[in-house]
Amino acid sequence: QQPVQSPQAVILREGEDAVINCSSSKALYSVHWYRQKHGEAPVFLMILLKGGEQKGHEKISASFNEKKQQSSLYLTASQLSYSGTYFCGTAQPRDDKIIFGKGTRLHILP
Amino acid sequence: DAGITQSPRHKVTETGTPVTLRCHQTENHRYMYWYRQDPGHGLRLIHYSYGVKDTDKGEVSDGYSVSRSKTEDFLLTLESATSSQTSVYFCAISESIIHRSYEQYFGPGTRLTVT
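Dropping the structure here:
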């Protein structure tokens, strides 16, 4: 079952902040965030593991609420290069696959 | 960049014909995945492999089959293509069990059009 992302799309001006949310109806072991630019393949940004371990991007942060099965991606002082579609993916305990959400389109204006 | 290629990159085929897409990796990663991407649906998992000859179904496996006879190659076959299978297909690889491997590397994608 796909995780639910919100918002579906957001338009910002350069320098503004954005938050993208991801929620699942199932217990999660990990949450994964990817960014895809138009016409390109998705690229890994960050993984958050149950228990608090986090690995990923220098300028992008995220949180993982295990009890609520929710994650949020924080983009601060957005840059033009942040434009693209952001996907969250979730993995359940004892599972070896990721199920991705439908994506959030982010457009940064100069 | 991870060594992962997909072939063909573009294909147009007719309804009812068989189609095979190939994913090739040079990273010796254990896990390989096939996704399809359609507007409004995001990335949906079709099938995946956790080793040579070890495969399992994903979210949208109907109408697709896969095979993995070597570590480096993962084939996706549409036995009888339908217009609903028009999509962009991405292959991805992962080094280990997904939640401990930290990331999937995606191939460049194959754009398939079924007329």
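Read top to bottom, the protein sequences are chains A and B.
Counting along the first sequence from 1, when you hit position 49 you're at 52 in this note's numbering, and nothing is skipped either side.
Counting along the second sequence from 1, when you hit position 96 you're at 230 in this note's numbering, and nothing is skipped either side.
Glycine included, each C-beta is placed from N, C-alpha and C at the ideal position.
In this text, all values refer to a predicted model and were calculated from it rather than measured experimentally.
Neighbour-count burial assignment, residue i, 16 or more Cβ in a 10 Å radius
i	result
residue 159 of chain B	buried
residue 87 of chain A	buried
residue 146 of chain B	exposed
residue 121 of chain A	Outside the modelled stretch of chain A, which goes from 4 to 113, sits residue 121 of chain A, for which no answer is possible.
residue 181 of chain B	buried
residue 167 of chain B	buried
residue 42 of chain A	exposed
residue 155 of chain A	The structure shown has nothing for residue 155 of chain A, since chain A only spans 4 to 113.
residue 214 of chain B	exposed
residue 12 of chain A	exposed
residue 188 of chain B	exposed
residue 219 of chain B	buried
residue 44 of chain A	buried
residue 143 of chain B	exposed
Contacting residues, own chain, Cβ-Cβ under 7 Å from residue i (five flanking each side not counted)
i	result
residue 205 of chain B	162, 186
residue 106 of chain A	8, 88, 89, 90
Residue i beta carbon near the ligand ATP (any heavy atom closer than 8 Å)
i	result
residue 193 of chain B	Among the components modelled here there is no ligand, and therefore nothing to report on the ligand ATP.
Beta-bridge pairing of residue i - partner residues as DSSP gives them
i	result
residue 184 of chain B	In DSSP, residue 184 of chain B forms no bridge with anything.
residue 68 of chain A	A/73
residue 194 of chain B	In DSSP, residue 194 of chain B forms no bridge with anything.
residue 88 of chain A	A/39, A/108
Nearest-angstrom Cβ-Cβ length linking residue i and residue j, presumed shorter than 8 Å
i	j	result
residue 141 of chain B	residue 156 of chain B	5 Å
residue 238 of chain B	residue 63 of chain A	17 Å between Cβ atoms; not a contact.
residue 22 of chain A	residue 93 of chain A	No, residue 22 of chain A and residue 93 of chain A are not in contact; Cβ-Cβ is about 18 Å, not under 8 Å.
residue 152 of chain B	residue 211 of chain B	7 Å
Close-in-space but distant-in-sequence residues of the same chain around residue i (CB under 6 Å, 5 per side omitted)
i	result
residue 16 of chain A	112
residue 207 of chain B	158
residue 27 of chain A	6, 72, 93
residue 24 of chain A	9, 75
Contacts around residue i, its chain only, beta-carbon distance under 8 Å, and the 5 residues preceding and following it disregarded
i	result
residue 217 of chain B	149, 248, 249
residue 179 of chain B	167, 168, 169, 192, 193, 194
residue 29 of chain A	4, 72, 93, 95
### Task
For the region 200-216 of chain B, enumerate the residues whose C-beta is nearer than 7 Å to any C-beta of chain A, in chain order.
Taken residue by residue, none of the region 200-216 of chain B has a beta-carbon sitting less than 7 Å from a beta-carbon on chain A.
### Query
At a Cβ cut of 7 Å, what residues of the region 135-161 of chain B count as close to chain A, listed as they run along the chain?
Per Cβ criterion, the list is empty.
### Task
For the region 67-81 of chain A, enumerate the residues whose C-beta is nearer than 8 Å to any C-beta of chain B, in chain order.
none
### Task
Pull out every residue of the region 162-177 of chain B whose Cβ sits closer than 8 Å to any Cβ of chain A, in chain order.
165, 167, 169, 174, 175, 176, 177
### Task
Could you run through the region 98-111 of chain A and flag, in chain order, every residue whose CB is less than 7 Å away from some CB of chain B?
99, 100, 101, 102, 103, 104, 105, 106
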